[in-house]
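Just below is one structure, and these are the notes that go with it.
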Amino acid sequence: MVGYSFSLSGKRASPCVRGGAILTAVSSPVKILPIAHRPAVIRPRGSWWRALAAGLFLFSLPWLIAGCGARQENPADGSPTTAQVIENKGSDTLVNLALAWAETYMRLHPDVRISVTGGGSGTGIAAMINGTVGIANASREMKAEEIAAVQAKGKSPEEFIVARDAIAVVVNPSNPVNGLTLQQISDIYTGKITRWSDVGGDNRPIVLLSRESNSGTYVYFLENVIRLGDGKSRLLFHPDTLLMPSSEGISAEVRQNPNTIGYDGLGYVTPDQKVVAVARDGNSPYVLPSVETVNDGSYPISRPLYMYTSGEPSDAVKTYLEWILRDGQALVSELGFVPLRQ
Amino acid sequence: MLIPTRLARLRKIRRPRSSSVSWGRWTEFLIESLIRILGLSTIGFVLLIFLFLLKEGVPVFLRVTPANLFGARWYPTFDLFGTMPLLLGSVLVTVTAIAIALPLGVATAVFVREVAPGWAREILKPMIEVLAGIPSVVLGFFGMTLVAPLIRTTLGAPTGLTAFTGALILAYMSLPTIISVAEDALDAVPKSYRDAGLAMGATQWQTIWRVVVPAARSGIITAVMLGMGRAIGETMAVMMVTGNAARLPLSLDAIFRPVRTMTATIAAEMGEVAQGSTHYHALFGIGIILFLVTFVINLVAAPAIFAKRRRGGLR
Numbered sequence: 024m025v026g027y028s029f030s031l032s033g034k035r036a037s038p039c040v041r042g043g044a045i046l047t048a049v050s051s052p053v054k055i056l057p058i059a060h061r062p063a064v065i066r067p068r069g070s071w072w073r074a075l076a077a078g079l080f081l082f083s084l085p086w087l088i089a090g091c092g093a094r095q096e097n098p099a100d101g102s103p104t105t106a107q108v109i110e111n112k113g114s115d116t117l118v119n120l121a122l123a124w125a126e127t128y129m130r131l132h133p134d135v136r137i138s139v140t141g142g143g144s145g146t147g148i149a150a151m152i153n154g155t156v157g158i159a160n161a162s163r164e165m166k167a168e169e170i171a172a173v174q175a176k177g178k179s180p181e182e183f184i185v186a187r188d189a190i191a192v193v194v195n196p197s198n199p200v201n202g203l204t205l206q207q208i209s210d211i212y213t214g215k216i217t218r219w220s221d222v223g224g225d226n227r228p229i230v231l232l233s234r235e236s237n238s239g240t241y242v243y244f245l246e247n248v249i250r251l252g253d254g255k256s257r258l259l260f261h262p263d264t265l266l267m268p269s270s271e272g273i274s275a276e277v278r279q280n281p282n283t284i285g286y287d288g289l290g291y292v293t294p295d296q297k298v299v300a301v302a303r304d305g306n307s308p309y310v311l312p313s314v315e316t317v318n319d320g321s322y323p324i325s326r327p328l329y330m331y332t333s334g335e336p337s338d339a340v341k342t343y344l345e346w347i348l349r350d351g352q353a354l355v356s357e358l359g360f361v362p363l364r365q
Numbered sequence: 163m164l165i166p167t168r169l170a171r172l173r174k175i176r177r178p179r180s181s182s183v184s185w186g187r188w189t190e191f192l193i194e195s196l197i198r199i200l201g202l203s204t205i206g207f208v209l210l211i212f213l214f215l216l217k218e219g220v221p222v223f224l225r226v227t228p229a230n231l232f233g234a235r236w237y238p239t240f241d242l243f244g245t246m247p248l249l250l251g252s253v254l255v256t257v258t259a260i261a262i263a264l265p266l267g268v269a270t271a272v273f274v275r276e277v278a279p280g281w282a283r284e285i286l287k288p289m290i291e292v293l294a295g296i297p298s299v300v301l302g303f304f305g306m307t308l309v310a311p312l313i314r315t316t317l318g319a320p321t322g323l324t325a326f327t328g329a330l331i332l333a334y335m336s337l338p339t340i341i342s343v344a345e346d347a348l349d350a351v352p353k354s355y356r357d358a359g360l361a362m363g364a365t366q367w368q369t370i371w372r373v374v375v376p377a378a379r380s381g382i383i384t385a386v387m388l389g390m391g392r393a394i395g396e397t398m399a400v401m402m403v404t405g406n407a408a409r410l411p412l413s414l415d416a417i418f419r420p421v422r423t424m425t426a427t428i429a430a431e432m433g434e435v436a437q438g439s440t441h442y443h444a445l446f447g448i449g450i451i452l453f454l455v456t457f458v459i460n461l462v463a464a465p466a467i468f469a470k471r472r473r474g475g476l477r
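First to last, the sequence lines map onto chains A and B.
First residue of the first sequence? That's 24 in the working numbering, and the numbers climb one at a time after it.
First residue of the second sequence? That's 163 in the working numbering, and the numbers climb one at a time after it.
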């Protein structure tokens, strides 16, 4: 739940070395055993060792093939020694989009391998800071201390806005409530409004659902909806808020429980959840999230999605990011996100 | 529990065969010292893990005021590190789980060992062991999609993701441990005890309830302690079904409300924290608290485990 891992090959670049290490570790005991010096009784043990070695060799074979295959193909093309590997990790909101980009890009450029992993914006940025991934996907801006952590390593993070996302407020389909103002949503999530009847619904308790605090969606929702964008506000989620470890957790609970209210990226809203129209305040119209309403700015809860690199991106990463910002935008709306205006 | 008896059996059949070749004696020595090093290294690893836990966790006790640290609000993004809701959440879920699993587990063990005919025992024992092999994430998914809606509709709670749902899943997960350890304990009760009970004119039920179960008491306590250790440390299933709301579970209906446990908090938040931040140390601080709690449980269980050895009698 915490780390969905969508790995598209790529990750198997180093096991070539690892496979080799296994092989030598196994074969050396076979050579060292001085079979001739031993009493005959021990012979069977020697063959046992050999069987073990053979077994381990067979076991490591897939890794050897998978790991070294990529390396051996390329010299034949005359291209540089290894396949270019781009590790890409972070926001669960972005993960499906990042996967779609990676798949399409790898089809166009067979010499590049991209692996995409979810886990949350914070996870991705932490991995980028530690140098384990090249690109961090984030659904929020980097925090000051994260930037400081990159700078402590003598680099400065590069920010790329790659798409836009709208956060949809969802309820169970049986809920008669059609629209809420930002103020009402804030009151609901801080525990001032506790029954649906107070906002024009049935006489039921309200069950609050949220993503875990490692989700960029969570931070964005807190700052821009609960605190209504007021930097001085100290409002927090009500302690009774259920923190769900995944988008699927939210949709599963919304689907089966008529008391719930939840929020999630527009790209994650399934047809079995009811999207509520949101108004900026009591005098503004209620607007449903869509590509049009996000791009013309009338839907009040939308945000940019980011990719970060640590320092100047390498050539492979740079070409990939340029492709995302240009041709890759065609994929964005297919996944329920909002493409950048060009 | 099986391991000590098995070791004792092995020790008895050790052969005095090392006289043949000096080479054999040499390898024997090599293997023995290798095994010794491996055995001792386990202790070393536990020590190192504990030291690491202390090193990473202690700063939080220095940086955060005790009032905050044991406060009622866990909101690490905004420097509120109240561990009370998490600690009480873990305790509530674990105690409820054991309250459910103890009678079920002991009753099952009694049935399997004392009542069931031989063929039924042959089927039941492996089935119980299979139960232990179900991955917790599968049980969590089962709980989330089937048990939670059932609890919401039957109990009328606002949501089905409650401490009780978590306790049900945990009880199910600790059952195999409790059953097999309790069954071992019942098995260790000498046959003469049962014969004496029956000879005194007691019914089978009276013999089981007044003689055999009390005689196996220490083993059953061990079983419960081990089950409790399993329950308090469980993470994935709990994270999926308890709702993870960090509220103080002090109201009367707390058991039918969401809770957040210590393990779920660590698992959910560890991926996000910046290394070296107060939040990072706070999660290790929770780890220390969890470690201490399990340590105390084991400590309490230890006399019961060792008491088992002193009983004599014919089998």
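Cβ coordinates follow ideal geometry from the N, Cα and C atoms, glycine included.
* Spell out a yes or no on whether the segment 280–287 of chain A and the segment 185–197 of chain A are touching, meaning 3 or more CB-CB pairs, one atom from each, closer than 8 Å. => yes
* To do: Could you tell me which of B:412, B:392, B:350 and B:390 sits nearest to residue 376 of chain B, measuring between CA atoms?
  => B:350
* To do: Count the other CB atoms, across all protein chains shown, that sit within 10 Å of the CB of residue 363 of chain B; report buried if there are 16 or more and exposed otherwise.
  => exposed
* Any beta-carbon of chain B closer than 9 Å to the one on residue 229 of chain A? -> yes
* Pick from A:143, A:252 and A:217: whose alpha carbon is nearest that of residue 235 of chain A? -> A:143
* Asked: Applying the criterion that 16 or more other CB atoms from any shown protein chain within 10 Å of the CB defines a buried residue, is residue 104 of chain A buried or exposed?
  -> The predicted model places residue 104 of chain A with a pLDDT of 47, which falls under 50 and marks its position as unreliable, so this point remains unresolved.
* Looking at the C-beta of residue 267 of chain B, does it have a partner C-beta in chain A at a distance below 9 Å? -> no
* With 8 Å as the C-beta to C-beta threshold (strictly closer), list the residues of the segment 434–445 of chain B near chain A in chain order. => 434, 435, 436, 437 and 439
* To do: Using a Cβ-Cβ cut-off of less than 9 Å, give me the residues of the segment 225–237 of chain B that come near chain A, in sequence order.
  => 234, 235, 236 and 237
* Asked: Can you check whether the CB of residue 187 of chain A is closer than 9 Å to the CB of residue 303 of chain A?
  -> no
* So, helix, strand or coil for residue 323 of chain A, using DSSP? -> coil
* Asked: Measuring CB to CB, does residue 331 of chain B end up less than 9 Å from residue 403 of chain B?
  -> yes
* CA-to-CA distance, residue 218 of chain B to residue 189 of chain B, given in whole angstroms -> 42 Å
* **Assigned secondary structure, residue 107 of chain A (DSSP; H/G/I helix, E/B strand, else coil)** => strand
* Would you verify that the beta carbon of residue 242 of chain A is, or is not, closer than 9 Å to some beta carbon of chain B? => yes
* Asked: Is the segment 316–326 of chain B touching the segment 397–414 of chain B, taking contact as three or more C-beta pairs under 8 Å?
  -> yes
* So which of B:418, B:341 and B:374 has the shortest CA-CA distance to residue 354 of chain B? -> B:374
* Asked: In terms of DSSP beta bridges, what is residue 112 of chain A paired with?
  -> A:140 and A:159
* Asked: Is the Cβ-Cβ distance between residue 358 of chain A and residue 123 of chain A less than 9 Å?
  -> yes
* Answer yes if the segment 285–298 of chain A comes into contact with the segment 138–153 of chain A, meaning at least three C-beta pairs across the two stretches below 8 Å, and no otherwise. => no
* To do: Taking only the alpha-carbon atoms, compute the straight-line gap between residue 67 of chain A and residue 199 of chain B and give it to the nearest angstrom.
  => Here residue 67 of chain A scores only 43 on pLDDT, less than 50, and its place in the model is too uncertain to base an answer on.
* To do: Rounded to whole angstroms, what's the CA-CA distance from residue 328 of chain B to residue 206 of chain B? Just pull it up for me.
  => 34 Å
* Asked: Could you give the distance in angstroms between the alpha-carbon of residue 391 of chain B and the alpha-carbon of residue 179 of chain A?
  -> 46 Å
* C-beta atoms of residue 250 of chain B and residue 410 of chain B nearer than 9 Å -> yes
* **is_contact[residue 146 of chain A, chain B] using C-beta, thresh 9 Å** => yes
* What number of angstroms, rounded off, separates the C-alpha of residue 310 of chain A from the C-alpha of residue 209 of chain A? -> 17 Å
* **Boundaries of the beta strand (DSSP E) in which residue 372 of chain B is found, first to last residue** => From DSSP, residue 372 of chain B is part of no beta strand (DSSP E); its letter is neither H nor E.
* Three-state secondary structure (DSSP) of residue 237 of chain B -> strand
* Taking Cβ positions only, does residue 169 of chain A come closer than 9 Å to chain B? -> yes
* Completely contained beta strand (DSSP E) runs for the segment 225–254 of chain A, where each covers 3 or more residues -> 230–234
* Asked: What are the residues that DSSP puts in a beta bridge with residue 266 of chain A?
  -> A:233
* **N- and C-terminal bounds of the beta strand (DSSP E) containing residue 202 of chain A** => 202–204
* residue 419 of chain B, DSSP secondary structure in three states -> coil
* To do: Taking residue 259 of chain A as the query, report the chain B residues whose CB atoms sit under 7 Å from its CB, ordered along the chain.
  => 237 and 240
* **Segment limits, alpha helix (DSSP H) that includes residue 340 of chain A** => 338–348
* At which residue ranges does the segment 189–232 of chain B contain complete alpha helix (DSSP H) runs of 4 or more residues, listed in the order of the chain? -> 228–231
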